[in-house]
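For the sequence shown, the UniProt record's numbering gives the first residue as 1, with consecutive numbering after it.
To start, the structure itself, in structure tokens.
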Amino acid sequence: MFKKPDFLKAPLERFREQIENQMGSKAQVFREKSALKKMPFVYTLAFPDAQTQELSAFSYGVSHASHPEQLHQVELCLQVQSTDMAWAHIVGYLANQLRGDCPFRKGEIIKIGQAIASDSSMDAFVVAEPTIFSENTPIKDHKKSKGIHLVQLIPIYQEEILKINKIGLEAFLSQLSAHKKQVNRKPL
């Protein structure tokens, strides 16, 4: 079988290949026209798993826009126990709407203002260090790339924002621990 040489691969292909290798399966790819002029498309790589009823999603496009508060190029990721593809699509939507405006720093809160998906009443996210892969090495999408760092979107209820501000992100995530992926958990 013919395999495309690395030097012919587009940055998206390199990024996708590395994510697919880590996930151990092929991604469903969704493309969204850029909300910003002169910016490339935003892509969502979705990995639904029917056996475990889990869904993982990754953005590709945030790293094409810079923000003065970003130390590295970043892309978003999400992992939930759900089969509702709205969870995957919100990753691409947020990447498209917020790139260049939001630094996606650890602890940052992103309010959606309505339920994210039909299977949950969660309506916000907190940005955290990724826990999807055992190793958090930057992903190189081209030869001169310093690497793209993943940040994970953890779904939360807006009512939990005060608790996060009160006890801190680390303590909140520690209390969530095993329930981090559950979209129907009770608010903390």
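Just so it is clear, CB atoms sit at the ideal spot from N, CA and C, and this is done for glycine as well.
These numbers come from a predicted model, not from an experiment.
Where DSSP assigns a beta bridge to residue i, which residues make up the other side?
{"i": "proline 48", "result": "Leu55"}
{"i": "phenylalanine 41", "result": "In the DSSP output, where bridge partners are listed per residue, phenylalanine 41 has none listed."}
{"i": "proline 68", "result": "Bridge partners of proline 68: none, in fact."}
{"i": "phenylalanine 30", "result": "Thr44"}
{"i": "leucine 78", "result": "Ala57"}
{"i": "histidine 149", "result": "Val74"}
{"i": "glutamine 182", "result": "Gln81"}
{"i": "proline 155", "result": "Phe125"}
{"i": "isoleucine 139", "result": "Ile148"}
Whole angstroms are fine: how far does the CA of residue j sit from the CA of residue i?
{"i": "serine 59", "j": "histidine 89", "result": "9 Å"}
{"i": "glutamate 54", "j": "leucine 45", "result": "14 Å"}
{"i": "residue 192", "j": "glycine 147", "result": "Any question about residue 192 goes unanswered here, given that the chain covers just 1 to 188."}
{"i": "valine 62", "j": "leucine 188", "result": "30 Å"}
{"i": "phenylalanine 41", "j": "lysine 33", "result": "5 Å"}
{"i": "alanine 171", "j": "lysine 3", "result": "46 Å"}
{"i": "threonine 137", "j": "leucine 71", "result": "15 Å"}
{"i": "arginine 31", "j": "glutamine 79", "result": "19 Å"}
{"i": "glutamine 97", "j": "threonine 52", "result": "30 Å"}
{"i": "lysine 9", "j": "glutamate 20", "result": "15 Å"}
{"i": "serine 25", "j": "glutamine 18", "result": "11 Å"}
Could you check if residue i is buried or exposed, using at least 16 other CB atoms within 10 Å of its CB as the buried criterion?
{"i": "phenylalanine 47", "result": "buried"}
{"i": "glutamate 135", "result": "exposed"}
{"i": "arginine 99", "result": "buried"}
{"i": "glutamate 75", "result": "buried"}
{"i": "serine 174", "result": "exposed"}
{"i": "asparagine 165", "result": "exposed"}
{"i": "valine 151", "result": "buried"}
{"i": "phenylalanine 104", "result": "buried"}
{"i": "valine 29", "result": "exposed"}
{"i": "leucine 94", "result": "buried"}
{"i": "glycine 92", "result": "buried"}
{"i": "leucine 153", "result": "buried"}
{"i": "serine 66", "result": "exposed"}
{"i": "alanine 57", "result": "buried"}
{"i": "alanine 27", "result": "buried"}
{"i": "serine 82", "result": "buried"}
{"i": "alanine 128", "result": "buried"}
Check for me: the beta strand (DSSP E) holding residue i runs from which residue to which?
{"i": "residue 191", "result": "The requested residue 191 does not occur in the structure, where the chain is confined to residues 1 to 188."}
{"i": "isoleucine 164", "result": "No beta strand (DSSP E) holds isoleucine 164; the alpha helix (DSSP H) holding it covers 161-167."}
{"i": "isoleucine 109", "result": "109-111"}
Identify the continuous alpha helix (DSSP H) that holds residue i and give its terminal residues.
{"i": "isoleucine 19", "result": "11-23"}
{"i": "asparagine 96", "result": "86-98"}
Using 8 Å as the Cβ pair cut-off and three pairs as the minimum, do the stretch 12-24 and the stretch 138-158 touch? Counting Cβ pairs under 8 Å, three or more are found: they touch.
Is the number of C-beta pairs between the stretch 102-120 and the stretch 171-181 that are closer than 8 Å three or more? Taking 8 Å as the limit for Cβ pairs, the verdict is that the stretch 171-181 does not touch the stretch 102-120.
So, does the stretch 150-166 touch the stretch 94-114, judging by three or more C-beta pairs under 8 Å? Flag = yes, the stretch 150-166 and the stretch 94-114 touch.
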